[in-house]
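Student: Take a look at the following structure, please.
Chains as they are written, first to last, in the working numbering: chain A, 182 to 446; chain B, 42 to 343.
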């Protein structure tokens with residue numbers, strides 16, 4: 182199968198243009214980074230507001246018995262920020278799901294699939310173009326949210342910490358390396374499911390289930406069962422990289438022109 | 042330009058045979074009608090011709106390229122107007138066309154100049170910067186036709202091209218199809234509008250899972266030797282005399298004229314003799330072409 186970058190870029194151009202004009206989808210996409218920045222900022226603010234609250238010590242000692250009363254608020258801030266990265270990954274995972282479900286299953290719903298498949302573009306070029314149009318916004322939004330997140334957390338925590346908390350090495354590694362891997366995972370799952378189901382909503386709902394393991398992971402961190410850190414997230418990243426490679430292979434194999442045309446056009 | 046050559050083409054989906062044993066040729070410059078009821082396998086045939094589906098049996102050579110192995114080279118040479126316009130509603134008319142210009146890796150300025158010519162011809166010039174979602178059904182159909190032609194294809198397949206168009210626009214489309222054929226492009230027209238098929242097509246294939254008829258439109262209309270006879274007085278009183286003939290021709294009275302369907306030209310003198318023997322004063326007898334619709338319905342109902 183040949184690959185002509187110009188045709189893949191044409192698909193990207195069209196999908197990106199369509200996304201820019203899709204206010205509903207842009208609105209849904211905007212909610213996620215807002216929550217991702219606002220919630221941890223409020224958490225940090227709550228710890229900073231009354232760092233001597235005795236209940237903070239109780240909470241901190243649940244996770245680490247050696248924590249001193251004076252360090253409880255700082256410990257909880259550090260732990261929250263480390264744990265929050267797990268939830269932050271939902272953003273690069275979920276944004277491509279929103280975009281790809283709408284773009285692949287949407288082609289079927291709008292009856293635009295047949296003219297597209299009748300063009301010279303190969304299946305691989307279509308998948309690459311659509312993936313770029315979903316991955317690029319996800320990564321850009323994640324980067325932008327991360328910058329806002331650092332600023333807002335640092336501003337709120339300054340009173341207690343007297344210095345910048347973020348960005349730290351773990352977060353930079355996570356946002357630059359692990360977040361794109363999660364974006365790739367979300368996109369792959371969404372394209373694969375969209376190619377097999379009839380409508381974009383169902384594709385979104387089914388693809389969204391991929392975020393459940395992350396919720397379980399963060400829940401375990403909060404419960405103290407798992408202890409998050411740079412090494413922990415590196416392992417998670419390696420597992421997701423492996424899944425990405427498997428998905429890439431499956432997507433190219435299953436994004437079959439004949440199957441798509443005979444089932445959905 | 043080498044037209045279309047179809048040999049023993051067939052497609053099976055699971056255990057269901059959608060179409061089988063199709064063989065026909067379409068020459069460059071010809072407008073060829075592909076007729077058949079819903080579910081007859083027209084769309085499957087078109088999809089095999091455009092390389093979207095791989096045939097289970099046989100092969101089709103379109104513009105010199107095998108549909109079985111042609112892939113992108115084949116799709117570059119074929120323009121397909123699908124039954125639904127299939128436009129991106131949020132994109133403007135211009136953006137919809139530019140997308141397909143880019144997909145075909147064309148020189149954007151030259152292709153857009155050609156597109157502008159079509160936009161003007163179809164009365165869409167000045168509207169190209171509006172989102173297609175706000176357009177009427179007819180405008181959308183016209184833009185889909187322009188999209189089909191924007192890469193200057195050798196072979197053009199139209200599925201219901203005038204669907205949703207007002208008479209004036211439908212005429213513009215028909216003129217455009219005739220002009221494309223005059224440029225030696227190969228045209229396949231799938232339509233339920235038989236009057237349109239009669240006007241545009243030189244030959245037609247009637248399919249219903251298999252090939253029912255393949256003929257020039259005129260020959261198809263002449264099939265069955267219909268005879269129109271003007272007799273003095275009430276024509277209906279001669280129907281029993283015709284029914285008594287050994288070959289019992291189908292006869293009816295239409296507008297005071299007797300219309301008799303014969304299976305063989307040799308039956309013509311027998312009919313006239315029977316009428317004269319029954320006392321009819323025959324003013325004239327004319328061999329007529331039957332409406333394509335009548336022939337078509339007879340074929341697909343058989």
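For each residue, glycine too, the CB sits at the ideal point set by N, CA and C. No experiment lies behind these values; they were computed from the predicted model shown.
Exposed or buried, what is residue 143 of chain B when buried is set at 16 or more other beta-carbons lying within 10 Å of its beta-carbon?
Tutor: Label assigned to residue 143 of chain B: buried.
Student: Name, going along the chain, the residues of the segment 105-122 of chain B whose beta-carbon falls closer than 7 angstroms to a beta-carbon of chain A.
Tutor: Those residues of the segment 105-122 of chain B that come within reach of chain A (Cβ to Cβ, closer than 7 angstroms) are 113, 116, 117, 121.
Student: On the three-pair Cβ rule with 8 angstroms, is the segment 80-95 of chain B touching the segment 146-160 of chain B?
Tutor: At 8 angstroms Cβ cutoff, the stretches do not touch.
Student: Give the range of the alpha helix (DSSP H) segment to which residue 192 of chain A is assigned.
Tutor: Segment 186-201, the alpha helix (DSSP H) holding residue 192 of chain A.
Student: Is DSSP giving residue 163 of chain B helix, strand or coil here?
Tutor: It is coil, neither helix nor strand.
Student: Roughly how many angstroms lie between the CA atoms of residue 231 of chain A and residue 400 of chain A, to the nearest whole one?
Tutor: The straight-line gap from Cα to Cα measures roughly 25 angstroms.
Student: Suppose you measure from the CA of residue 320 of chain A to the CA of residue 62 of chain B; what does that come to, to the nearest Å?
Tutor: About 52 angstroms.
Student: Compute the beta-carbon to beta-carbon distance between residue 127 of chain B and residue 292 of chain A, rounded to the nearest angstrom, for a pair I have assumed lies under 8 angstroms.
Tutor: Confirmed, Cβ separation roughly 5 angstroms.
Student: Once you ignore the five residues that flank residue 387 of chain A on each side, which residues in its own chain have a CB closer than 8 angstroms to its CB?
Tutor: 374, 378.
Student: What residue from A:222, A:418, A:307, A:306 has the CA that sits closest to residue 347 of chain A's CA?
Tutor: Ranking the options by Cα distance to residue 347 of chain A, first place goes to A:222.
Student: Starting from residue 231 of chain B, follow its DSSP beta bridges and name the residues at the other end.
Tutor: DSSP lists B:75, B:200 as partners of residue 231 of chain B.
Student: Apart from the five residues on each side of it in sequence, which residues of its chain come closer than 7 angstroms, Cβ to Cβ, to residue 242 of chain B?
Tutor: Around residue 242 of chain B: 72, 73, 74, 230, 258.
Student: Give me the residue from A:441, A:368, A:423, A:241 with the minimum Cα distance to residue 277 of chain A.
Tutor: Per the Cα distances, A:368.
Student: Ignore the nearest five residues each way along the sequence and tell me which others in residue 329 of chain B's own chain have a CB closer than 6 angstroms to its CB.
Tutor: Counting only Cβ-Cβ distances below 6 angstroms, and skipping sequence neighbours, we find 267, 269.
Student: Could you check if residue 416 of chain A is buried or exposed, using at least 16 other CB atoms within 10 Å of its CB as the buried criterion?
Tutor: When all chains shown are included, residue 416 of chain A counts as exposed.
Student: Would you kindly work out how many angstroms separate the C-alpha atoms of residue 94 of chain B and residue 443 of chain A, rounded to a whole number?
Tutor: Rounded to whole angstroms, residue 94 of chain B to residue 443 of chain A spans 8 angstroms at the Cα level.
Student: For the alpha helix (DSSP H) containing residue 290 of chain A, name the first residue and the last one.
Tutor: It spans 287-290 - the alpha helix (DSSP H) in which residue 290 of chain A sits, taken as one unbroken run.
Student: Starting from residue 145 of chain B, find everything on chain A with Cβ-Cβ shorter than 8 angstroms and list it in chain order.
Tutor: 300, 301, listed in chain order.
Student: Please report how far the alpha carbon of residue 229 of chain A lies from the alpha carbon of residue 413 of chain A, in whole angstroms.
Tutor: Near 27 angstroms, if we compare the C-alpha coordinates of residue 413 of chain A and residue 229 of chain A.
Student: Output the distance between the C-alpha atoms of residue 343 of chain B and residue 46 of chain B, rounded to the nearest integer angstrom.
Tutor: Looking at the two C-alpha atoms, the distance is approximately 27 angstroms.
Student: In the DSSP assignment, find the unbroken alpha helix (DSSP H) run with residue 269 of chain A in it and report its ends.
Tutor: Element bounds for residue 269 of chain A: 253-269.
Student: Return the first residue and the last residue of the alpha helix (DSSP H) that residue 260 of chain B is part of.
Tutor: Per DSSP, residue 260 of chain B belongs to the alpha helix (DSSP H) from 258-263.
Student: May I ask which residues mark the beginning and end of the beta strand (DSSP E) holding residue 51 of chain B?
Tutor: Unbroken beta strand (DSSP E) run through residue 51 of chain B: 45-54.
Student: Going by DSSP, which residues form a beta bridge with residue 246 of chain B?
Tutor: Partner(s): B:75, B:255.
Student: Residue 116 of chain B lies in the beta strand (DSSP E); which residues open and close that run?
Tutor: From DSSP, residue 116 of chain B is part of no beta strand (DSSP E) but of the alpha helix (DSSP H) over 112-118.
Student: Following the continuous alpha helix (DSSP H) through residue 228 of chain A, name the residue where it begins and the one where it ends.
Tutor: Here the alpha helix (DSSP H) through residue 228 of chain A covers 204-230.
Student: What does a CB cutoff of less than 7 angstroms around residue 306 of chain B pick up in its chain, not counting 5 residues either side in sequence?
Tutor: Cβ within range, chain order: 266.
Student: Taking the alpha-carbon positions, what's the residue 175 of chain B to residue 353 of chain A distance?
Tutor: Whole-angstrom Cα-Cα distance: 45 angstroms.
Student: Quick check on residue 169 of chain B: does DSSP put it in helix, strand or coil?
Tutor: Coil.
Student: Is the segment 268-286 of chain A touching the segment 302-321 of chain A in the sense that three or more CB pairs, one from each, lie closer than 8 angstroms?
Tutor: The segment 302-321 of chain A, when compared against the segment 268-286 of chain A, does touch it at the 8 angstroms Cβ threshold.
Student: Between the segment 104-115 of chain B and the segment 85-94 of chain B, are three or more C-beta pairs nearer than 8 angstroms?
Tutor: Output reads yes: the segment 85-94 of chain B touches the segment 104-115 of chain B.
Student: By DSSP, does residue 88 of chain B sit in helix, in strand, or in coil?
Tutor: It is helical.
Student: For residue 241 of chain A, which residues does DSSP report across the bridge?
Tutor: DSSP lists no partner for residue 241 of chain A.
Student: From the DSSP secondary-structure annotation, give me the bridge partner or partners of residue 57 of chain B.
Tutor: Answer is B:54, bridged to residue 57 of chain B.
Student: Could you pull out every residue in the same chain whose Cβ sits closer than 7 angstroms to the Cβ of residue 226 of chain A, ignoring the five residues on either side in sequence?
Tutor: Taken in chain order, the residues that qualify are 337.
Student: Given a cut-off of 9 angstroms, decide if residue 165 of chain B and residue 120 of chain B are closer than it, judged by their beta-carbon atoms.
Tutor: No; because the gap between Cβ atoms is not below 9 angstroms, this pair is not in contact.
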